[in-house]
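Student:
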Amino acid sequence: MPSQSLHLDVFQKIKSLGFNAISAYFFWGIHEPKRGEISFDGFRDLQPFFDAAMKAGLYVIARPGPYINAETTGGGFPGWGTYTPGLWRTSNTSYVEAYTGYMKAIGAQIAKKPNYQRRSRNPCGFEAPFTEDFTYESELKAVLRSVGVTVPLTVNDAWPGGHFVDIDIYGYDSYPNGFDCAHPNDWLPGAVDSTEYFWGAHLQFSPQSLNAVYEFQGGAFDPWGGAGYEGVFSTAHPGVYTSYDYGSAIAEDRTLREKYYELKLQANFRSVSPAFLTSRPINIFSTQGSFTGNQALKTTQVLDVVGNKTGFYVVRQTDASTTAVQTYNLTLSTSIGTLTIPTIGGSLALNGKDSKIHVVDYAAGSTTVLYSTGEILTWATIDKRDIILVYGNAGELHETAFKFTSAIPAATVVSGTGTIKTKVLAGNSLTLQYQTTGQTVVQVGNTVLYILDRANAYDFWVLHPASTGAFAQFSTQNPILVKGGYLLRSVSTTGGTLAFTGDLNSTAPVSFEIIAPAAFQSATFNGVKLALTKTRYGTLTAQKTATLPAVTLPNLAALKWKTADSLPEIQSQYSDALWTVADHKTTINPTPPNTTVVLYAGDYGFHTGNILWRAHFNATGAETGFAAQLQGGSAFGFSVWLDATFLGSWAGDAVTSAFNGTFSFPTVLPKGSTHVLTILQDHMGNEENWWAAGDDFKTPRGILSYSFLGNATTTVSVWKVAGNLGGESYADHSRGAFNEGGLFAERQGWHLPGFNDAAWAVGAPTQGIAHAGVAFYRTSFDLNIPAGVDYPLALVFTNSTANPHFRAQLYVNGWQFGKYVNNIGPQTSFPVPQGILNYNGVNTLGISLWAADAGGARLDSLALKLTAKVESSMAPVPLFHDLPSQLTNAKARGSLCCPRVIFPTPLSVAGLVSLDVLDHVDVSISYAYLPLKR
Ligand code: IPT
Numbered sequence: 001m002p003s004q005s006l007h008l009d010v011f012q013k014i015k016s017l018g019f020n021a022i023s024a025y026f027f028w029g030i031h032e033p034k035r036g037e038i039s040f041d042g043f044r045d046l047q048p049f050f051d052a053a054m055k056a057g058l059y060v061i062a063r064p065g066p067y068i069n070a071e072t073t074g075g076g077f078p079g080w081g082t083y084t085p086g087l088w089r090t091s092n093t094s095y096v097e098a099y100t101g102y103m104k105a106i107g108a109q110i111a112k113k114p115n116y117q118r119r120s121r122n123p124c125g126f127e128a129p130f131t132e133d134f135t136y137e138s139e140l141k142a143v144l145r146s147v148g149v150t151v152p153l154t155v156n157d158a159w160p161g162g163h164f165v166d167i168d169i170y171g172y173d174s175y176p177n178g179f180d181c182a183h184p185n186d187w188l189p190g191a192v193d194s195t196e197y198f199w200g201a202h203l204q205f206s207p208q209s210l211n212a213v214y215e216f217q218g219g220a221f222d223p224w225g226g227a228g229y230e231g232v233f234s235t236a237h238p239g240v241y242t243s244y245d246y247g248s249a250i251a252e253d254r255t256l257r258e259k260y261y262e263l264k265l266q267a268n269f270r271s272v273s274p275a276f277l278t279s280r281p282i283n284i285f286s287t288q289g290s291f292t293g294n295q296a297l298k299t300t301q302v303l304d305v306v307g308n309k310t311g312f313y314v315v316r317q318t319d320a321s322t323t324a325v326q327t328y329n330l331t332l333s334t335s336i337g338t339l340t341i342p343t344i345g346g347s348l349a350l351n352g353k354d355s356k357i358h359v360v361d362y363a364a365g366s367t368t369v370l371y372s373t374g375e376i377l378t379w380a381t382i383d384k385r386d387i388i389l390v391y392g393n394a395g396e397l398h399e400t401a402f403k404f405t406s407a408i409p410a411a412t413v414v415s416g417t418g419t420i421k422t423k424v425l426a427g428n429s430l431t432l433q434y435q436t437t438g439q440t441v442v443q444v445g446n447t448v449l450y451i452l453d454r455a456n457a458y459d460f461w462v463l464h465p466a467s468t469g470a471f472a473q474f475s476t477q478n479p480i481l482v483k484g485g486y487l488l489r490s491v492s493t494t495g496g497t498l499a500f501t502g503d504l505n506s507t508a509p510v511s512f513e514i515i516a517p518a519a520f521q522s523a524t525f526n527g528v529k530l531a532l533t534k535t536r537y538g539t540l541t542a543q544k545t546a547t548l549p550a551v552t553l554p555n556l557a558a559l560k561w562k563t564a565d566s567l568p569e570i571q572s573q574y575s576d577a578l579w580t581v582a583d584h585k586t587t588i589n590p591t592p593p594n595t596t597v598v599l600y601a602g603d604y605g606f607h608t609g610n611i612l613w614r615a616h617f618n619a620t621g622a623e624t625g626f627a628a629q630l631q632g633g634s635a636f637g638f639s640v641w642l643d644a645t646f647l648g649s650w651a652g653d654a655v656t657s658a659f660n661g662t663f664s665f666p667t668v669l670p671k672g673s674t675h676v677l678t679i680l681q682d683h684m685g686n687e688e689n690w691w692a693a694g695d696d697f698k699t700p701r702g703i704l705s706y707s708f709l710g711n712a713t714t715t716v717s718v719w720k721v722a723g724n725l726g727g728e729s730y731a732d733h734s735r736g737a738f739n740e741g742g743l744f745a746e747r748q749g750w751h752l753p754g755f756n757d758a759a760w761a762v763g764a765p766t767q768g769i770a771h772a773g774v775a776f777y778r779t780s781f782d783l784n785i786p787a788g789v790d791y792p793l794a795l796v797f798t799n800s801t802a803n804p805h806f807r808a809q810l811y812v813n814g815w816q817f818g819k820y821v822n823n824i825g826p827q828t829s830f831p832v833p834q835g836i837l838n839y840n841g842v843n844t845l846g847i848s849l850w851a852a853d854a855g856g857a858r859l860d861s862l863a864l865k866l867t868a869k870v871e872s873s874m875a876p877v878p879l880f881h882d883l884p885s886q887l888t889n890a891k892a893r894g895s896l897c898c899p900r901v902i903f904p905t906p907l908s909v910a911g912l913v914s915l916d917v918l919d920h921v922d923v924s925i926s927y928a929y930l931p932l933k934r
């Protein structure tokens, strides 16, 4: 989150899932966009991120790279890597020299506070077997150790392939359903089978450490032209668009998906089931029909090999793709002998893609659960009573049996409409048969059993008051169980009062049920006292209604918009004298150039955003057109002008990375006349480098070949290239190296809040332009969103069919927050977090519009929309600019934006006298401009 203060919100949400750790990638290219200049300032500062994790009570598995993949440009490698010789992701000296500074610097960041239990993730990532390079791995380990990283190092292999097992905690990844957001319900029939060899691999490769699966399909990325998620920095590689929401449990706008509540059930079960941690699968292969006799089911027996008592039976469909319901009985061995369950008659059911864990001889406090087919959500011992929560799908039949050490107590339904059947089993055991429907509470001696259907189970939260000392938030003692609410974040205790914090997302009253020690007789929610009622079985209930105040959002269509031409480069008066001359004769790039000078943007230090090329040539009189093959990555596009005349575009599609375009000249060019071809292209990010010793990330962006039609001998006298202002010495240190591309507007700082557009014409992006080209639009609006709520916002386009071929980029208070490609999609809604948006004050919105067709383009509509309304206890979100390092920057610059020289169009920059970059922040410019000769 570029709004650093939002980390805590996300981390608390993860903590409330019942998780105890997060794993995070760090991106070398963000920290060292220019070789040797490594920054941890502003949004790059890792300390607020680590502090937030500490505050939430989460361990961090830090994954610093140097290679991360992660659908980022270059897989995390900095752009300058594309012109650095040698094979990367190997022990090649040039690579070692390249990464050492970064690895030392980030290692030092990770090691900074020794009392933080941060686990440094070994950076190696995954490697193909044939490139196995143990020298590389041991050097990476050594570099982290040399800067004080003492915690265990891990490595994640792309699959359990046994690469780099000489590490503290070896582990691997698995995405059994591949990457297909279009069909989330279609699972691969063999998705289960494909993971069955993992245990054997663990025993083979890392028997002495944890069986660690570092990535296990939590969702999937979606490509350009894909199906869409229902999210930000433009740091993507070409395979993904702006948003990288992944269909995850916590959506890009930080709202909770149903998946969140499902994960909560699983995480909570694991955190109260220590026997699970010391268990081993006994049978893995040929599990079809095991324990059930039903060939359509696979059941794996997982036994606790330390306690030697508890068993877990994992049941799932043989064919992972089916949505069928299977019925079954389980024949299991228990401490009272072999049982066929259900023991009171009927049968169990497994619905579609469900998987269940049935427990046997499971300890829940002083209660022994002889078996339970109802799955365990959690249990807690509160005031000497064992509270056990079990769940199943609505209407499913289940049994839970208890084993007593003395006489069997009576089982009584104390709440709810459900009924139970009971049967005494051998060894002082009693089984209860029930349906999981709604919520029914049964008391059996000192044990209280909550029988829940899935929807009711989703409502429960397990909270732990902080203990004392450095790791207070990590306490797993004194659980308080609470039912109700969209999100409960924390509980603290003072005297007899429980103080809860949480979020509510509906104005319908929420019913809380609090299961806490009797010493607590009062409670507050977000500081407001709850009116409590005691249930007959000793828990507390209360009602709470959320306050979701209405807010008025600006109607963007009704705002005053200003506009200016962002393609003055095609005007005859335009001078590219200050541009970089593309004159390299050689490149280390593995793609040999087909042109007399190298026309790869990366070789000239431009690695992101739009790139402009200018070719100056003398006509022979025979040229009839121009052909060029450009490469920008999937979904890229380009447009070509001869002088001020538009020749045509490749508007792009979802999959094409390089395109060969042919463009006719409208007239014969007089012999000896001089001309300029201007080419505007998109750069969709560098390719990843999935294969360790490959060079994929060096795949060039730029012009692969060109020729003049009609006369093959015409030569370009000089090629010029422009990308983001300053290239690797990028101008806007606050917003980072990936914020700006090479559009004229970006080079001038038109997207920045402080720019003065008073002299501009009035014009809105919904009016657009009537010709091919680039226009830039600016407006500003106020927001006034009250405190105490979390109202995420998004900028939403509607797809335009009239002039479909256009690209638009969004800038919010100077931050680029989206690249919209109308003719490719799928993304039309671009979330912008609070903190980037000023929720209580003025905001500047900038939009670039690149029309690729002669008929021009306009936006059909653009709106600012709420994506959710939540009453929230999240910490206040200061504006990004309020972060101390940004204030320092701002002060140094004399304003919050960039002190760039703005040349009012249509004035030429020809007379620029000098431009001195003094350091990252201070720019001193002296200039003169010449009026256009019009
Ligand atoms: C796995 C990468 O480790 C991760 O960074 C990401 O790119 C993910 O793929 C896809 O979203 S590698 C895995 C496919 C073996």
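Position 168 of the sequence shown, counting from 1, maps to 168 under full-length UniProt numbering, and the rest follow consecutively. Even glycine gets a Cβ: it sits at the ideal position worked out from N, Cα and C.
1) Going by the CB atoms, is the gap between Ala808 and Tyr820 shorter than 9 Å?
2) Beta carbon of Trp159: closer than 8 Å to some heavy atom of the ligand IPT?
3) Is Ala220 near the ligand IPT - that is, is its Cβ less than 8 Å away from at least one heavy atom of it?
4) Check whether the Cβ of Asp173 lies closer than 8 Å to any heavy atom of the ligand IPT, and answer yes or no.
5) Can you list the alpha helix (DSSP H) stretches of 4 or more residues lying completely in the segment 215-300, in chain order?
6) Quick check: does the Cβ of Glu215 come within less than 8 Å of any heavy atom belonging to the ligand IPT?
7) Using the Cα positions of Thr235 and Ala761, report the straight-line distance between them to the nearest angstrom.
8) Counting pairs of Cβ atoms below 8 Å between the segment 425-440 and the segment 386-396, do you hit three or more?
9) When the distance is taken between beta carbons, is Asp459 closer than 9 Å to Gly427?
10) Measuring only the C-alpha atoms, how far is Thr287 from Thr299?
11) Who does Thr624 pair with in a DSSP beta bridge?
12) Does DSSP put Asp173 in a helix, a strand or coil?
13) Determine which residues share a DSSP beta bridge with Glu871 and list them.
14) Return yes when the Cβ of Gly247 is within less than 9 Å of the Cβ of Lys259, no when it is not.
15) Could you tell me how far apart the beta carbons of Phe606 and Val789 are, in whole angstroms, since I believe they sit closer than 8 Å?
16) Taking Thr310 as the reference, which of Ala324, Ser273 and Pro342 has the closest Cα?
17) State yes or no: is the C-beta of Asn156 nearer than 8 Å to some heavy atom of the ligand IPT?
18) In whole angstroms, what separates the C-alpha of Gly625 from that of Leu140?
19) Threshold first: 3 residues or longer. Then list the beta strand (DSSP E) segments lying entirely within the segment 370-429, N to C.
20) Any chance the segment 798-816 sits against the segment 577-597, with 3 or more Cβ pairs inside 8 Å?
21) Taking 8 Å as the line, does the beta carbon of Tyr434 fall inside it for any heavy atom of the ligand IPT?
22) Tell me the residue span of the alpha helix (DSSP H) that contains Val143.
23) Taking 8 Å as the threshold, find out whether the segment 529-545 comes into contact with the segment 563-579 through three or more Cβ pairs.
24) Alpha helix (DSSP H) containing Thr100: first to last residue?
25) Identify which residue in Ser829, Lys55, Leu397 and Ala731 has its Cα closest to the Cα of Leu8.
26) Below 7 Å CB to CB, which residues in the same chain sit around residue 946 once its five sequence neighbours on both sides are set aside?
27) According to DSSP, what are the bridge partners of Tyr706?
28) In terms of alpha-carbon separation, which member of Leu58, Ile30, Arg63 and Gly74 lies closest to Gln691?
29) Let's see if you can read the secondary structure: which residues bound the beta strand (DSSP E) around Val10?
30) Can you give me the C-alpha to C-alpha distance between Phe471 and Gly190, rounded to a whole angstrom?
31) Run through DSSP, which three-state label would Trp199 get?
32) Judging by CA-CA distance, which residue of Pro152, Gly652 and Tyr600 is the nearest neighbour of Gly637?
33) On the criterion of 16 or more Cβ atoms from any shown chain inside 10 Å, does Ser3 qualify as buried, or is it exposed?
34) Closer than 8 Å: is that where the CB of Tyr839 sits relative to any heavy atom of the ligand IPT?
35) Report the three-state DSSP secondary structure of His771 (helix, strand or coil).
36) For the segment 559-570 against the segment 699-707, do three or more pairs of beta-carbon atoms, one drawn from each stretch, fall closer than 8 Å, so that the two count as touching?
Tutor: In brief:
1) yes
2) yes
3) The nearest non-hydrogen atom of the ligand IPT is less than 8 Å from the C-beta of Ala220.
4) It does: the Cβ of Asp173 is within 8 Å (strictly closer) of some heavy atom of the ligand IPT.
5) 258-271 and 274-277
6) yes
7) 32 Å
8) yes
9) no
10) 6 Å
11) Per DSSP, none; premise fails for Thr624.
12) DSSP places Asp173 in strand when its eight states are reduced to three.
13) Leu504 and Val789
14) Yes, the Cβ-Cβ distance between Lys259 and Gly247 is below 9 Å.
15) With 8 Å as the limit, Phe606 and Val789 do not qualify as a contact, their Cβ atoms being about 42 Å apart.
16) Ser273
17) Yes, the beta carbon of Asn156 sits closer than 8 Å to at least one heavy atom of the ligand IPT.
18) One Cα belongs to Gly625, the other to Leu140, and the distance between them is close to 52 Å.
19) 375-382, 385-392, 396-403, 411-415 and 421-425
20) no
21) no
22) Phe134 to Ser146
23) Verdict: no, contact absent.
24) Thr93 to Ala111
25) Closest option to Leu8, Cα to Cα, is Lys55.
26) Absent from the model: residue 946. The displayed extent of the chain is 1 to 934, so no value can be given.
27) In DSSP, Tyr706 forms a bridge with Ala628.
28) The amino acid occupying residue 691 in the given sequence is Trp; Gln does not appear at that position. Closest option to Trp691, Cα to Cα, is Gly74.
29) No beta strand (DSSP E) contains Val10, which is instead part of the alpha helix (DSSP H) from His7 to Ser16.
30) If you draw a straight line from the Cα of Phe471 to the Cα of Gly190, it is about 43 Å long.
31) helix
32) Measuring from the Cα of Gly637, the nearest candidate turns out to be Gly652.
33) buried
34) Not under cutoff, so the answer is no.
35) coil
36) no
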